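J.: Attaching a single structure in structure tokens format; questions to follow.
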Amino acid sequence: MKKMDKIIIEEAKDYIGDLFKNDSGGHDADHSLRVYNNALKIFNEEGNGDLEIISLAALLHDSDDHKLFETKDNANARRFLNDHDIDEEKIERICETINSVSFSQNRGRRPVTIEAMIVQDADRLDAIGAIGIARTFAFGGEHKRPLSSSVQHFYDKLLLLKDEMNTQTGKKLAQDRHMFMEEFLRRYFNEAELNENNG
Ligand code: ADP
Ligand code: NI
Numbered sequence: 012m013k014k015m016d017k018i019i020i021e022e023a024k025d026y027i028g029d030l031f032k033n034d035s036g037g038h039d040a041d042h043s044l045r046v047y048n049n050a051l052k053i054f055n056e057e058g059n060g061d062l063e064i065i066s067l068a069a070l071l072h073d074s075d076d077h078k079l080f081e082t083k084d085n086a087n088a089r090r091f092l093n094d095h096d097i098d099e100e101k102i103e104r105i106c107e108t109i110n111s112v113s114f115s116q117n118r119g120r121r122p123v124t125i126e127a128m129i130v131q132d133a134d135r136l137d138a139i140g141a142i143g144i145a146r147t148f149a150f151g152g153e154h155k156r157p158l159s160s161s162v163q164h165f166y167d168k169l170l171l172l173k174d175e176m177n178t179q180t181g182k183k184l185a186q187d188r189h190m191f192m193e194e195f196l197r198r199y200f201n202e203a204e205l206n207e208n209n210g
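Each residue of the sequence shown is one higher than the one before, counting from 12 in the numbering used here.
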């Protein structure tokens, strides 16, 4: 990456740090940074796609999430991109990438570009494994739900994600995280059962 691009990435990190500073749940700036790191890892293995689009789309992928912001037409992402002299065509491709990553906005539709495939895999990796477990119970706590409700979310969504990965690298990375969730659930039910018998 060119030197100039590195500065843009650093500024994007600062931008999302400000944007998410009031959120303590699963959607904070750290989530976006992890998605960015996952995306770089996948890009390096796959050797495919436009690195600038992947990087900026990963960092900005939740910047206009309707659960957190009331913006329209990727306004938060566009504000950053317009302020950084990125050309119009590239801005459109970054916004398209961001929009095809979201699970809820694209029911059933799979991403078609390699950039969107990579960023979606990167986002899904952060929903599974140890981090995924932590985020799920944080979400449940934030919504004042019992542990059993978060455990149900594994069966409704998280355990299905490994078979929905787009890239070979995504599939490979998801496998290990998936196995850890299965082990976690096995122990969870095992401990819950022991407590029931003793209590
Ligand atoms: P993203 O927009 O980053 O793809 P979501 O908005 O779907 O992620 O979810 C954010 C986090 O909250 C995820 O880690 C997910 O597991 C968790 N989460 C979402 N829905 C539920 C739920 N019903 N119960 C427990 N956790 C949930
Ligand atoms: Ni996300």
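Just so you know, even glycine gets a beta-carbon here, dropped at the ideal spot from N, CA and C. Please read all numbers here as calculations on a predicted model, not as lab measurements.
Candidates G60, D94 and N87: which alpha carbon is nearest H72's?
T.: The residue with the shortest Cα to Cα distance from H72 is N87.
J.: Using beta-carbon positions only, say whether R135 and M176 come within less than 8 Å of one another.
T.: Yes.
J.: For M128, count the other beta carbons within 10 Å of its own beta carbon; 16 or more makes it buried, fewer makes it exposed. Which is it?
T.: Label assigned to M128: buried.
J.: In terms of alpha-carbon separation, which member of H38, E103 and K24 lies closest to T147?
T.: Selected option, being the one with the closest Cα: H38.
J.: Where does G60 fall in DSSP's three states?
T.: Reduced to three states, the DSSP call for G60 is coil.
J.: How many Å lie between D167 and D61 at the Cα?
T.: Approximately 33 Å, taken between the alpha carbons.
J.: Between L169 and the ligand ADP, is the CB less than 7 Å from at least one heavy atom?
T.: Indeed, a heavy atom of the ligand ADP lies less than 7 Å from the Cβ.
J.: Take L169 as the anchor and find which of K183, G140 and E202 has the nearest alpha-carbon.
T.: L169 has its Cα closest to that of G140, out of K183, G140 and E202.
J.: If I follow the unbroken alpha helix (DSSP H) through L8, where does it start and stop?
T.: Not covered by the structure: residue 8. The range shown for the chain is 12 to 210.
J.: Identify the continuous alpha helix (DSSP H) that holds R104 and give its terminal residues.
T.: Unbroken alpha helix (DSSP H) run through R104: E99 to V112.
J.: Pick out every residue whose C-beta is nearer than 5 Å to a heavy atom of the ligand NI: which are they, in chain order?
T.: Working through the chain, the matches are D73 and D134.
J.: Between K78 and the ligand ADP, is there a pair consisting of the residue's CB and a ligand heavy atom that are separated by less than 7 Å?
T.: Yes.
J.: What does the alpha-carbon distance come out to for the pair I27 and L158?
T.: Computed Cα separation, rounded: 30 Å.
J.: Less than 7 Å between the CB of T178 and some heavy atom of the ligand ADP, yes or no?
T.: No; taking the cut-off as 7 Å, the Cβ of T178 has no heavy atom of the ligand ADP nearer than that.
J.: Grab me the residues of D16's own chain with a C-beta within less than 7 Å of its C-beta, minus the 5 sequence neighbours each way, in chain order.
T.: The answer, listed in chain order, is E63.
J.: Label V46 either buried or exposed according to how many other C-beta atoms from any shown protein chain fall within 10 Å of its C-beta, with 16 as the threshold for buried.
T.: Buried.
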